[in-house]
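Novice: Here you go, one structure.
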Amino acid sequence: MTTGITAIGCSVPSRIVTNEELTQTVDTSDEWIVSHTGIRERRIVAEGQAASDLAVEAAEVALQRRGIAADDIDMIIVATSSGDYPFPATACIVQHRLGCTRAAAFDLAAGCTGFVYAFETARAFIESGGAQKILVIGSEVLTSITNWADRNSCVLFGDAAGAVVIESLEGMAGHRIVRSWLRSDGSGELALMRPVGGSRTPFDPSLHGPADMQIHMDGRKVYLFAVDAIVRTIQQLCEQQGIEPSDLGWIVPHQANLRIIEAAAKRLRLPVERFYINMDRYANTSAASIPLALDEMIERELIQNGQWVLAVGFGAGLTYGGNLIAW
Ligand code: ACO
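259 is the number of the first residue of the sequence shown in this note's numbering; add one for each residue after it.
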């Protein structure tokens, strides 16, 4: 059985926040942010806009492009670290709002690797016969859990959603998910997290303030892990497929930091131009960054039929991995 992507859609908030605008509230500069991260601007949601709102908009575009009704979907997987609530799952809110009356719905928590994990989860459900048409959505409103007083992290994030329809490609045009490679290293649990509000440390108003509920990041540790994760994922998937990294038409990395990608490209001896980059305009949108990049690449007609496309993610957990797609 061959399984793949038959449609894709995205949603980004209309409000653009430049680095210059951030300098009005944070002790930073456009020069520092661009030179250390490659980020120039990010999108930020309007007051009250949540992950499910962006997810529904992205999914509606994908369904419309595929030409199917909400009722044709039998599963919704939302990869997110900034869902509407700790529970219930954001996927259930999306299911109701779209009117997918036949769909199972659940969230997947693998940080910025969420979309890569969800892709493979969907493929496995299709190939086991457990579902026929799945909406895989990465949706994040990270700016709602960002500590805007922490210049080490607040300049990095933005909001967005991307959705794809995954189904069998028997008699259908689409882009085949050939294989995936997924890994984790939970020894890095503290490197990237929201420390308070879970069962380990429940929120206690006499002990905790807002920053305890927001993103905490050991930037250096994440940086070193991320470079290694990209390199290992690409090497593993190419080796399993019997191809060389240089055979890849495009690598679509999670858009965390340009320097991470440049360091990985150097270690793989690949030109950095082989990696699609749009973090300059959207910053790090976590689980949404890969579908957002794919949607843009399709729009710009950058990918040729027959090319190998490798999506690679890394993030909280720590988690990492990739999907090899025959375009
Ligand atoms: N503006 C100005 N100065 C800053 C800023 C800022 N926004 N942020 C940090 N600095 C300062 C620091 O305070 C420090 O100053 P000091 O030397 O006086 O103490 C100096 O810059 C250097 O700090 P470093 O942390 O060494 O800077 P580095 O070059 O490592 O860059 C960064 C920091 C960008 C966070 C980097 O470590 C990184 O990219 N890490 C990966 C983290 C990442 O991408 N996270 C995204 C989420 S995780 C994910 O998506 C998987």
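Using N, Cα and C, we set each Cβ at its ideal position, and we do this for glycine too. Please read these numbers as outputs of a predicted model, since none were measured by experiment.
Exposed or buried, what is Thr-577 when buried is set at 16 or more other beta-carbons lying within 10 Å of its beta-carbon?
Specialist: Position 319 of the sequence shown holds residue 577. That one is buried.
Novice: Would you please state the rounded distance, in angstroms, between the beta carbons of Ile-297 and Pro-271? I believe it to be under 8 angstroms.
Specialist: By one-based count along the sequence shown, residue 297 stands at place 39. By one-based count along the sequence shown, residue 271 stands at place 13. The Cβ separation is near 16 angstroms, so there is no contact.
Novice: Taking the alpha helix (DSSP H) that Ser-426 belongs to, which residues open and close that run?
Specialist: As a position in the sequence shown, residue 426 is number 168, starting the count at 1. That residue, Ser-426, is in no alpha helix (DSSP H); its beta strand (DSSP E) goes 417-426.
Novice: Judging by CA-CA distance, which residue of Met-430, Cys-358, Cys-370 is the nearest neighbour of Leu-550?
Specialist: In the sequence shown, counting from the first residue as 1, residue 550 sits at position 292. Of the candidates Met-430, Cys-358, Cys-370, the one whose C-alpha sits nearest the C-alpha of Leu-550 is Cys-370.
Novice: Using C-beta distances below 8 angstroms, list every residue in its chain close to Met-555, excluding the 5 sequence neighbours before and after it, in chain order.
Specialist: Stepping through the sequence shown from its first residue, residue 555 is reached at position 297. Closer than 8 angstroms at the Cβ level, and outside the excluded window around Met-555, lie Trp-508, Val-510, Tyr-534, Ile-561.
Novice: Please go through the stretch 475-509 and give each complete alpha helix (DSSP H) segment of 4 or more residues, from N-terminal end onward.
Specialist: 477-499
Novice: Could you give the C-beta distance for Asn-536 and Ala-514, rounded to a whole number, given that I count them as a contact under 8 angstroms?
Specialist: Taking the sequence shown and counting its residues from 1, one reaches residue 536 at position 278. Taking the sequence shown and counting its residues from 1, one reaches residue 514 at position 256. Contact doesn't hold; Cβ gap of about 12 angstroms is too wide.
Novice: Between which two residues does the alpha helix (DSSP H) harbouring Ile-266 extend?
Specialist: Taking the first residue of the sequence shown as 1, we reach residue 266 at position 8. Taken as a continuous stretch (DSSP letters only), Ile-266 belongs to no alpha helix (DSSP H), being part of the beta strand (DSSP E) at 261-269.
Novice: Per DSSP, which residues does Val-336 bridge with? Please list them.
Specialist: Here residue 336 is taken as the residue at index 78 of the sequence shown, counted from 1. Per DSSP, Asp-365, Ile-395.
Novice: Using only the alpha-carbon positions, how far apart do Ile-291 and Ser-442 sit?
Specialist: Position 33 of the sequence shown holds residue 291. Position 184 of the sequence shown holds residue 442. C-alpha separation (whole angstroms): 29 angstroms.
Novice: Should Leu-440 be counted as a contact of the ligand ACO given a C-beta to heavy atom distance under 7 angstroms?
Specialist: Residue numbering aside, residue 440 sits at position 182 when the sequence shown is read from its first letter. No - the ligand ACO has no heavy atom lying nearer than 7 angstroms to the Cβ of Leu-440.
Novice: How far does the alpha helix (DSSP H) with Tyr-578 in it reach, from first residue to last?
Specialist: Residue 578 sits at position 320 when you count from the first residue of the sequence shown. First-last for Tyr-578: 577-584, but that is the beta strand (DSSP E), not the alpha helix (DSSP H).
Novice: Ala-363 and Ile-334 - do their beta-carbons sit closer together than 8 angstroms?
Specialist: As a first step, residue 334 must be located in the sequence shown, where it is residue number 76. As a first step, residue 363 must be located in the sequence shown, where it is residue number 105. In contact: Ile-334 and Ala-363 (Cβ atoms closer than 8 angstroms).
Novice: For Ala-584 and Val-436, which I take to be in contact (beta-carbon distance under 8 angstroms), what is that distance rounded to the nearest angstrom?
Specialist: To locate residue 584, count along the sequence shown from 1; it is residue 326. To locate residue 436, count along the sequence shown from 1; it is residue 178. About 5 angstroms separates the two Cβ atoms, so the contact holds.
Novice: On the DSSP bridge list, what partners appear for Thr-276?
Specialist: As a working note, residue 276 is residue 18 in the sequence shown. Its beta-bridge partners are Glu-299.
Novice: Return yes when the Cβ of Ala-316 is within less than 8 angstroms of the Cβ of Cys-268, no when it is not.
Specialist: The residue labelled residue 268 in the question sits at position 10 within the sequence shown. The residue labelled residue 316 in the question sits at position 58 within the sequence shown. With a cutoff of 8 angstroms on beta-carbon distance, Cys-268 and Ala-316 are scored as near each other.
Novice: Terminal residues of the continuous alpha helix (DSSP H) containing Ser-445?
Specialist: One-based indexing of the sequence shown puts residue 445 at position 187. No alpha helix (DSSP H) holds Ser-445; DSSP gives it neither H nor E.
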